[in-house]
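Colleague: Below is one structure. I have some questions about it.
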Amino acid sequence: MVSFNTQHLTDDKPGDPGYERQLSAFEARISRGDKVEPGDWMPYDYRQQLIRLIHVHANSEICGALPEGTWIPHAPSLKRKLALVAKVQDEVGHGQLLYRAAETLGKPREEMIEELISGKAKYSNVFHYPAESWADVCVIAWLIDAAAIVNQKMMADGSYGPYGRALKRICYEEAFHLTHGYDMCISLATGTRLQRDMLQDAVNRWWKPIMMFHGPSDKESKHTELLMRWGIKLRTNDEQRQEFLRKYLPKMLNLGLKIPTEWEMRFDEATKTWHYNEPQWDEFLHVVRGNGPVSAQRLETRRLSHEQGRWVREALAAAAAGKRVPLPPTAYANRG
Amino acid sequence: MNPAIIDLLYRLADDGLIIGHRNSEWTGLGPILEEDIAFSSVAQDKMGHALAIYNLLHELGEPAPDQLAFFRDAAEFRNCSLVALECFSETDAASTPSLRNNPTRDRLVSHGDWSLALVRQFFFSEADSVRFNALANSTFEPLAILVRKFRGEIKYHTLHGRTMMRRLPAATLEGRSRIQKAVDTLWPHALGLFEPTRYDKQLSDAGICPGESVLCEQWRSEVEPILRETGVHIPTTAAPVYGGRAGKHLTEMVSLLSDMQKVARMDPDAKW
Numbered sequence: 014m015v016s017f018n019t020q021h022l023t024d025d026k027p028g029d030p031g032y033e034r035q036l037s038a039f040e041a042r043i044s045r046g047d048k049v050e051p052g053d054w055m056p057y058d059y060r061q062q063l064i065r066l067i068h069v070h071a072n073s074e075i076c077g078a079l080p081e082g083t084w085i086p087h088a089p090s091l092k093r094k095l096a097l098v099a100k101v102q103d104e105v106g107h108g109q110l111l112y113r114a115a116e117t118l119g120k121p122r123e124e125m126i127e128e129l130i131s132g133k134a135k136y137s138n139v140f141h142y143p144a145e146s147w148a149d150v151c152v153i154a155w156l157i158d159a160a161a162i163v164n165q166k167m168m169a170d171g172s173y174g175p176y177g178r179a180l181k182r183i184c185y186e187e188a189f190h191l192t193h194g195y196d197m198c199i200s201l202a203t204g205t206r207l208q209r210d211m212l213q214d215a216v217n218r219w220w221k222p223i224m225m226f227h228g229p230s231d232k233e234s235k236h237t238e239l240l241m242r243w244g245i246k247l248r249t250n251d252e253q254r255q256e257f258l259r260k261y262l263p264k265m266l267n268l269g270l271k272i273p274t275e276w277e278m279r280f281d282e283a284t285k286t287w288h289y290n291e292p293q294w295d296e297f298l299h300v301v302r303g304n305g306p307v308s309a310q311r312l313e314t315r316r317l318s319h320e321q322g323r324w325v326r327e328a329l330a331a332a333a334a335g336k337r338v339p340l341p342p343t344a345y346a347n348r349g
Numbered sequence: 004m005n006p007a008i009i010d011l012l013y014r015l016a017d018d019g020l021i022i023g024h025r026n027s028e029w030t031g032l033g034p035i036l037e038e039d040i041a042f043s044s045v046a047q048d049k050m051g052h053a054l055a056i057y058n059l060l061h062e063l064g065e066p067a068p069d070q071l072a073f074f075r076d077a078a079e080f081r082n083c084s085l086v087a088l089e090c091f092s093e094t095d096a097a098s099t100p101s102l103r104n105n106p107t108r109d110r111l112v113s114h115g116d117w118s119l120a121l122v123r124q125f126f127f128s129e130a131d132s133v134r135f136n137a138l139a140n141s142t143f144e145p146l147a148i149l150v151r152k153f154r155g156e157i158k159y160h161t162l163h164g165r166t167m168m169r170r171l172p173a174a175t176l177e178g179r180s181r182i183q184k185a186v187d188t189l190w191p192h193a194l195g196l197f198e199p200t201r202y203d204k205q206l207s208d209a210g211i212c213p214g215e216s217v218l219c220e221q222w223r224s225e226v227e228p229i230l231r232e233t234g235v236h237i238p239t240t241a242a243p244v245y246g247g248r249a250g251k252h253l254t255e256m257v258s259l260l261s262d263m264q265k266v267a268r269m270d271p272d273a274k275w
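Top line first, the protein sequences correspond to chains A and B.
So my numbering is basically just the index in the first sequence, starting at one, shifted up by 13.
So my numbering is basically just the index in the second sequence, starting at one, shifted up by 3.
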């Protein structure tokens with residue numbers, strides 16, 4: 014059981030001398046590269062921003078299990094099937110690990126899950142889209158995991174200890190997912206006509222959500238400045254997007270994949286940056302607020318599966334509390 | 004002797020593949036995250052065991068593992084009915100957006116009954132435990148070697164199954180009633196795990212595998228006390244469901260294979 018620390022709930026408010034003293038000591042620690050641990054003093058907004066970020070991250074792992082899990086029963090070889098179950102299991106495990114990290118900041122898992130299924134809490138934009146073919150699973154495992162690693166590697170060096178440690182382990186496993194995803198994409202890209210078409214079709218559909226994955230451009234992102242000041246985030250959304258494009262777009266082109274024509278992707282040799290037409294950020298916001306093509310369906314699947322598992326959680330909680338229902342009188346009479 | 008061994012290996016491998024497939028349908032949908040992870044892990048172990056045994060079959064001249072899993076029809080599979088039973092029944096797809104390849108699980112999952120999945124896994128791991136303990140001393144050495152490796156994993160499957168089966172029906176009335184219902188539904192199929200085959204005597208005389216009736220008795224002596232301990236009644240009049248070992252399957256097996264094989268069969272020339 015996680016114990017919640019409420020030490021942050023002091024009477025001091027921003028502006029009070031006590032608060033300001035603690036804040037400057039806190040910021041000095043962060044600029045020295047110290048990690049913040051659960052029992053430490055932290056500003057209210059630091060805690061809230063971290064809970065928000067970790068919660069969204071955990072939800073994304075849990076919702077990300079759905080589009081990929083959909084294809085486990087259809088995986089086309091024993092090797093792929095085993096790898097896909099292992100991968101989706103990892104994602105669920107990451108969700109568990111992250112909910113635990115968020116719990117150290119005072120938010121219980123059950124509350125986070127309730128907020129997810131009620132639509133109050135967000136999850137990554139990419140999981141608001143359907144996985145329509147086997148090739149989608151390959152694209153998710155390669156390119157979306159690649160985009161996620163760019164983000165998570167950066168966050169792993171952030172200032173909050175429990176989140177950073179969880180992310181280090183997560184990145185370690187994600188590296189395997191990336192290899193698995195790349196391998197699957199290579200099989201399709203070098204396969205039969207049908208396989209190559211499937212893959213290109215998937216890339217066509219996923220490129221927009223992938224370009225949006227790291228969040229609104231720096232001009233529009235409202236949280237970035239505060240997050241960077243407190244060492245939660247170390248690089249901006251656009252910097253992460255550039256890193257992703259620099260690393261993976263050439264690999265995609267090498268596999269013979271084409272970026273859909275509505276995207277004007279152009280590499281500037283001099284600055285080593287990719288120029289692209291800016292995604293529609295109002296569309297991104299619309300999607301992450303729960304209006305994507307399968308947002309309602311995802312949450313309904315989660316809600317139903319949560320509801321159907323209620324009896325298990327209740328029984329386990331009762332068992333943990335030492336409760337027992339009496340044995341029925343005939344329990345010992347049914348076998349001679 | 005060869006046909007008897009081949010038949011035994013098919014039974015073992017097909018059971019493992021099919022229960023692994025069924026358990027993996029819960030990945031991402033488990034009742035709690037920890038159980039989701041545990042079930043996925045058991046699923047991988049069982050599919051891994053199946054793959055190892057298919058490889059052994061391939062060494063004995065049978066087709067390659069993927070060929071066996073993805074390009075055989077139901078009548079050629081030798082698994083029992085228990086492992087193929089469906090634990091989900093899904094809502095009408097008409098109420099949800101239609102998807103290009105319409106993968107079954109992206110439809111809404113309704114009436115997903117985890118008690119069936121859990122009790123099935125409990126019955127199955129106990130059977131695995133009894134069977135593989137016997138096979139570890141099999142005179143057919145290549146199988147004995149494999150089985151000795153599997154046993155380490157099976158120990159965790161039984162530990163998991165026993166823990167849940169002891170907790171859930173003992174702690175709440177709802178838990179007990181759900182587990183009881185699942186036991187009532189699955190018991191005849193569980194007995195079908197030990198469907199006699201025409202090779203039983205031959206295999207047992209040669210010290211390769213004890214007869215199914217012997218294994219069934221051992222299984223009952225493990226399983227029944229655990230059920231009784233938590234007030235779960237053991238069905239007394241249920242007749243075993245047989246047929247799977249002879250390739251006579253319920254309709255669930257046909258739809259399972261159609262799900263499992265559909266991508267693999269999209270393009271016979273493809274390597275995935």
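Where is the CB? At the ideal position from N, CA and C, for every residue including glycine.
1) What does the alpha-carbon distance come out to for the pair Gly234 (chain B) and Asn26 (chain B)?
2) If contact means a Cβ-Cβ distance below 7 Å, which residues of the stretch 198-223 of chain A contact chain B?
3) Given a cut-off of 7 Å on the beta-carbon distance, is the pair Ile211 (chain B) and Thr142 (chain B) in contact?
4) Give me the DSSP bridge partner(s) of His288 (chain A).
5) With distance defined between alpha-carbon atoms, name the residue in A:Gly335, A:Arg60, A:Glu282 and A:Leu156 nearest to Tyr176 (chain A).
6) According to DSSP, simplified to helix, strand and coil, what is Tyr173 (chain A)?
7) Mark Tyr202 (chain B) as exposed unless 16 or more other C-beta atoms lie within 10 angstroms of its C-beta, in which case mark it buried.
8) Hey, could you find the ends of the alpha helix (DSSP H) Val122 (chain B) is sitting in?
9) For the stretch 15-34 of chain B and the stretch 76-89 of chain B, state whether three or more C-beta atom pairs, one from each stretch, are separated by less than 8 Å.
10) For Leu111 (chain A), collect the residues of the same chain with a Cβ closer than 7 Å to its Cβ; drop the 5 residues on either side in sequence, then sort them by chain order.
11) To be precise: take each residue of the stretch 105-139 of chain A, compare its Cβ to all Cβ atoms of chain B, and keep it if any distance is under 7 Å. Which residues remain?
12) Chain A beta carbons: is any one of them nearer than 7 Å to that of Gly247 (chain B)?
13) Rounded C-beta distance between Ile8 (chain B) and Lys49 (chain B)? I'm assuming under 8 Å.
14) Starting from Lys235 (chain A), trace the alpha helix (DSSP H) in both directions and tell me its first and last residue.
15) Here's the rule: buried if 16 or more other CB atoms are within 10 angstroms of the residue's CB, otherwise exposed. What is Gln183 (chain B)?
16) Need the endpoints of the alpha helix (DSSP H) that Glu263 (chain A) sits in, please.
17) Since I believe Leu189 (chain B) is in contact with Phe126 (chain B) (beta carbons under 8 Å), could you give me their beta-carbon distance rounded to a whole number of angstroms?
18) Please report the Cβ distance between Asp158 (chain A) and Leu191 (chain A), rounded to the nearest whole angstrom; I am assuming they are in contact, meaning their Cβ atoms lie under 8 Å.
19) Taking contact to mean at least 3 C-beta pairs separated by less than 8 Å, is the stretch 184-202 of chain A in contact with the stretch 277-290 of chain A?
20) Does Leu162 (chain B) pass the burial test, meaning 16 or more other C-beta atoms within 10 Å, or should it be called exposed?
21) Can you grab the Cα-Cα spacing for the pair Gly77 (chain A) / Glu220 (chain B), in whole Å?
22) Any idea what DSSP makes of Ala273 (chain B), helix, strand or coil?
23) Compare the C-beta of Lys336 (chain A) with all C-beta atoms of chain B and state if any pair is closer than 7 Å.
24) Would you say the beta carbon of His192 (chain B) is closer than 6 Å to some non-hydrogen atom of the ligand NAP?
25) In terms of DSSP beta bridges, what is Val49 (chain A) paired with?
26) Thinking just about the alpha-carbon of each residue, which of A:Asp47, A:Gly106 and A:Tyr57 is nearest to the one in Tyr185 (chain A)?
27) Which residues, in chain order, does the stretch 73-94 of chain B contribute to contact with chain A at a C-beta distance below 8 Å?
28) Below 7 Å on C-beta distance, what does Arg93 (chain A) contact in chain B?
29) Please list, in chain order, the chain A residues whose beta carbon lies closer than 7 Å to that of Trp222 (chain B).
30) Could you please tell me which residues of the stretch 321-335 of chain A, in chain order, have their CB closer than 7 Å to any CB of chain B?
31) Ignoring anything shorter than 4 residues or poking outside the stretch 213-268 of chain B, list the alpha helix (DSSP H) runs there in chain order.
32) For a test of the three-state rule: what should DSSP assign to Pro66 (chain B), helix, strand or coil?
33) Give the interface partners of Ala99 (chain A) over in chain B, defined as CB-CB distance under 8 Å, in chain order.
34) In chain B, which residues lie less than 9 Å from Trp273 (chain A) when you measure between Cβ atoms?
35) Check whether the Cβ atoms of Val49 (chain A) and Tyr173 (chain A) lie closer than 7 Å to each other.
36) Identify the contact partners of Trp147 (chain A) in chain C, using a Cβ-Cβ distance below 7 Å as the criterion.
Modeller: Answer, in terms of the structure:
1) CA-CA distance, Gly234 (chain B) to Asn26 (chain B), rounds to 26 Å.
2) Ser200, Gly204, Thr205, Leu207 and Gln208
3) yes
4) A:Arg279
5) A:Arg60
6) strand
7) Within 10 angstroms of the beta-carbon of Tyr202 (chain B) lie 16 or more other beta-carbons, which makes it buried.
8) Boundaries of the alpha helix (DSSP H) harbouring Val122 (chain B): Trp117 to Leu138, taken from the DSSP string.
9) yes
10) Around Leu111 (chain A): Ile67, His70, Ala71, Glu74 and Ala179.
11) Val105, Gly106, Gly108 and Gln109
12) no
13) Not really, about 21 Å apart at Cβ, beyond 8 Å.
14) Membership of Lys235 (chain A) in any alpha helix (DSSP H) is not indicated, and neither H nor E is assigned to it by DSSP.
15) buried
16) As written in the sequence, residue 263 (chain A) is Pro, which differs from the Glu given in the question. Element bounds for Pro263 (chain A): Asn250 to Asn267.
17) 6 Å
18) 5 Å
19) no
20) exposed
21) 44 Å
22) coil
23) yes
24) Ligands are entirely absent from the displayed structure, and the ligand NAP is therefore not among its contents.
25) A:Tyr173
26) A:Gly106
27) Phe73
28) Neighbours of Arg93 (chain A) on chain B, chain order: Trp275.
29) Near Trp222 (chain B) there are no residues of chain A at all, since even the closest Cβ is about 14 Å away, more than 7 Å.
30) For the stretch 321-335 of chain A, the residues whose beta carbon sits under 7 Å from a beta carbon of chain B are, in order, Gln321, Gly322, Trp324, Val325, Arg326, Glu327, Ala328, Leu329, Ala331 and Ala332.
31) Correct list: 215-232 and 254-264.
32) coil
33) Ser43 and Gln47
34) Residue identity differs from the one stated: residue 273 (chain A) is Pro in this sequence, not Trp. Result: empty, since nearest Cβ-Cβ is about 17 Å, beyond 9 Å.
35) yes
36) Absent from the structure: chain C. Protein chains present are A and B.
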